[in-house]
């Protein structure tokens, strides 16, 4: 079945969320994947669109596009397991919250995930909608100007030659303790932890203690225009948190030959196995960071990320749209 040249996919505006630059990256990925097939996109719900594609669960629940779409007999496609909030509800012992996520996914025409492990997890959760795996695609950073190369250092008061590592996410006490302890015993590196500064953390003894570590910086999320430069100039991406949602920036790091040290993670095993340094305790974190220059996985990671492109993945999305239009 040939798809009409006039096909328009409605992608809602990005909503504010706890992990905003991650959500922005996700929405850009979805839009590029759609446009790689030659389809038009719009975020104007008054247009005569053919399909609704939600980049995440949050885009579904935070607006009235669903109501408008249902009035026009439009079903929707959604990228699943892409927001912190849905994981919080899934893991919450409150049945009502978990049921809310399940109902959203089971209303979808198709749920898109990045890996087979995520597909299995949704099936165990009780999702009966069709689930399609479309792999995450990395992006090369635009490093062609000196301003780009030095912008992060300038914004955060670093010397251009100063080595630093980055971590980000919601505040997690165990993960943050590991990160703080690494900073304590590795004074030659600057440690940045980007995430929301929740009041409960700011008034805690843990925050008071970590303020005394001169090379540890607990920051709000960086401006979106600095994110690529933040990764590009870093010594490594050090993930001590229980990182569940953001595999796109992991792929970006692989494609740009930025080392990754990450806590073992079953959700991303397909991607990080043999392509990142996986650890499961503090000693392994320390030894991996200390010996990062001996990391022999950077080229393997680059080769892996290079093989997953919009050309290799776009057809999977096209087939979903074709099935939709046959209804």
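Numbering (the numbering used here), first residue to last: 122 to 448. C-beta atoms are modelled at their ideal positions from N, C-alpha and C, and glycine is treated no differently.
*asked:* I'd like the span of the alpha helix (DSSP H) that includes residue 441, first residue to last.
replied: Per DSSP, the unbroken alpha helix (DSSP H) holding residue 441 starts and ends at 431–446.
*Have a look at residue 420 and residue 178 and give me their C-alpha separation to the nearest angstrom.*
In a straight line, the C-alpha of residue 420 is about 34 Å away from that of residue 178.
*What three-state label does DSSP hand residue 235 in the structure shown?*
Judged by DSSP in its simplified three-state form, residue 235 adopts coil rather than helix or strand.
*Residue range of the alpha helix (DSSP H) that residue 271 falls in?*
Looking at the DSSP string, the run of the alpha helix (DSSP H) that includes residue 271 is 267–276.
*Looking at C-beta atoms only, is the number of pairs between the segment 278–288 and the segment 233–252 that lie closer than 8 Å three or more?*
The segment 278–288, when compared against the segment 233–252, does not touch it at the 8 Å Cβ threshold.
*Thinking C-alpha only, which one of 440, 408, 447 is nearest residue 527?*
Any question about residue 527 goes unanswered here, given that the chain covers just 122 to 448.
*With distances taken from CA atoms, which of 266, 207, 231 is nearest residue 220?*
Distance from the Cα of residue 220 is smallest, within the candidate group 266, 207, 231, for 207.
*Using the C-alpha atoms, what's the distance from residue 438 back to residue 123?*
Unreliable positioning characterises residue 123 in this predicted model, as indicated by a pLDDT of 46, which lies under 50. The coordinate reading is nonetheless provided below. Our two residues, residue 123 and residue 438, have alpha carbons roughly 14 Å apart in a direct line.
*Please go through the same chain and pick out, in chain order, the residues whose beta-carbon is closer than 6 Å to the beta-carbon of residue 304, but skip the five residues on each side of it.*
The beta carbon of residue 304 sits closer than 6 Å to the beta carbons of 312, 334, 336, 337 from its chain, once the five residues preceding and following it are set aside; these are given in chain order.
*Grab me the residues of residue 153's own chain with a C-beta within less than 7 Å of its C-beta, minus the 5 sequence neighbours each way, in chain order.*
The beta carbon of residue 153 is closer than 7 Å to those of 431 in its chain, skipping five residues each way along the sequence.
*According to DSSP, residues forming a beta bridge with residue 359*: For residue 359, which the question treats as bridged, DSSP gives the partners 382.
*Just the C-alpha distance for residue 212 and residue 268, rounded to the nearest angstrom, thanks.*
C-alpha separation (whole angstroms): 43 Å.
*Could you work out which residue in 277, 133, 195 is closest to residue 175 when comparing CA atoms only?*
When C-alpha distances from residue 175 are compared across 277, 133, 195, the shortest belongs to 133.
*Exposed or buried, residue 236, counting other C-beta atoms within 10 Å across all chains shown (16 or more means buried)?*
Per the 10 Å Cβ criterion, buried.
*Nearest-angstrom Cα distance between residue 260 and residue 198?*
Distance between the alpha carbons of residue 260 and residue 198 is about 24 Å.
*Just the Cα atoms here: how many angstroms apart are residue 291 and residue 143?*
Their backbone Cα atoms lie some 12 Å apart in a straight line.
*asked:* Classify residue 275: buried if its beta carbon has 16 or more other beta carbons within 10 angstroms, exposed otherwise.
replied: For residue 275, the number of other beta carbons within 10 angstroms of its own is below 16, and it is reported as exposed.
*Apart from the five residues on each side of it in sequence, which residues of its chain come closer than 7 Å, Cβ to Cβ, to residue 297?*
Sequence-distant partners of residue 297 (beyond 5 residues in either direction) whose C-beta falls short of 7 Å from its own C-beta, in its chain, are 314.
*asked:* If you follow the alpha helix (DSSP H) that residue 337 is in, where does it begin and where does it stop?
replied: No alpha helix (DSSP H) contains residue 337, which is instead part of the beta strand (DSSP E) from 337–340.
_Which of helix, strand or coil DSSP assigns to residue 312_ = Strand.
*Taking the alpha helix (DSSP H) that residue 212 falls in, what are its first and last residues?*
Where residue 212 is concerned, the enclosing alpha helix (DSSP H) stretches over 205–212.
*Of all the beta strand (DSSP E) runs that stay within the bounds of the segment 128–181, which reach a length of 3 or more residues?*
As far as the segment 128–181 is concerned, its whole beta strand (DSSP E) runs of at least 3 residues are 129–131, 161–163, 172–175.
*Would you give the residue range spanned by the alpha helix (DSSP H) that residue 352 belongs to?*
Counting along the chain, residue 352 sits inside the alpha helix (DSSP H) bounded by residues 348–354.
_Quick check on the DSSP output: the alpha helix (DSSP H) that includes residue 230 runs from which residue to which?_
Under the DSSP assignment, residue 230 falls outside any alpha helix (DSSP H); it carries neither an H nor an E label.
*For residue 428, name the three-state secondary structure that DSSP assigns.*
Reduced to three states, the DSSP call for residue 428 is coil.
*Look at the Cβ atom of residue 223, then the Cβ atom of residue 171, and state whether they are nearer than 8 Å.*
No, they are not a contact pair.
*So residue 382 packs on residue 359, CB below 8 Å; how close in whole Å?*
With 8 Å as the limit, residue 382 and residue 359 qualify as a contact, their Cβ atoms being about 5 Å apart.
*asked:* Which same chain residues end up closer than 7 Å to residue 368 when comparing Cβ atoms and leaving out the 5 residues on each side of it in sequence?
replied: Here the set comprises 235, 257, 389, 392.
*For residue 351, I'd like the list of residues in its chain whose CB is within less than 7 Å of its CB, leaving aside the five on either flank, ordered along the chain.*
Result list for residue 351: 273, 287, 343, in chain order.
*Who are the near neighbours of residue 423 in its chain, counting only those whose CB is closer than 7 Å to its CB and skipping five residues on each side?*
Within the same chain, residue 423 has close Cβ partners 375, 376, 378.
*So, are the CB atoms of residue 461 and residue 173 less than 8 Å apart?*
Given a span of 122 to 448 for the chain in the structure shown, any question on residue 461 remains unanswerable.
*Quick one: is residue 452 buried, meaning 16 or more other Cβ sit within 10 Å of its Cβ, or exposed?*
For the chain, the structure presents residues 122 to 448; residue 452 sits outside this window and is missing.
*Given a cut-off of 8 Å, decide if residue 435 and residue 229 are closer than it, judged by their beta-carbon atoms.*
Going by C-beta atoms, residue 229 is not nearer than 8 Å to residue 435.
*asked:* Can you give me the C-alpha to C-alpha distance between residue 363 and residue 384, rounded to a whole angstrom?
replied: Spanning the two alpha carbons is a distance of roughly 7 Å.
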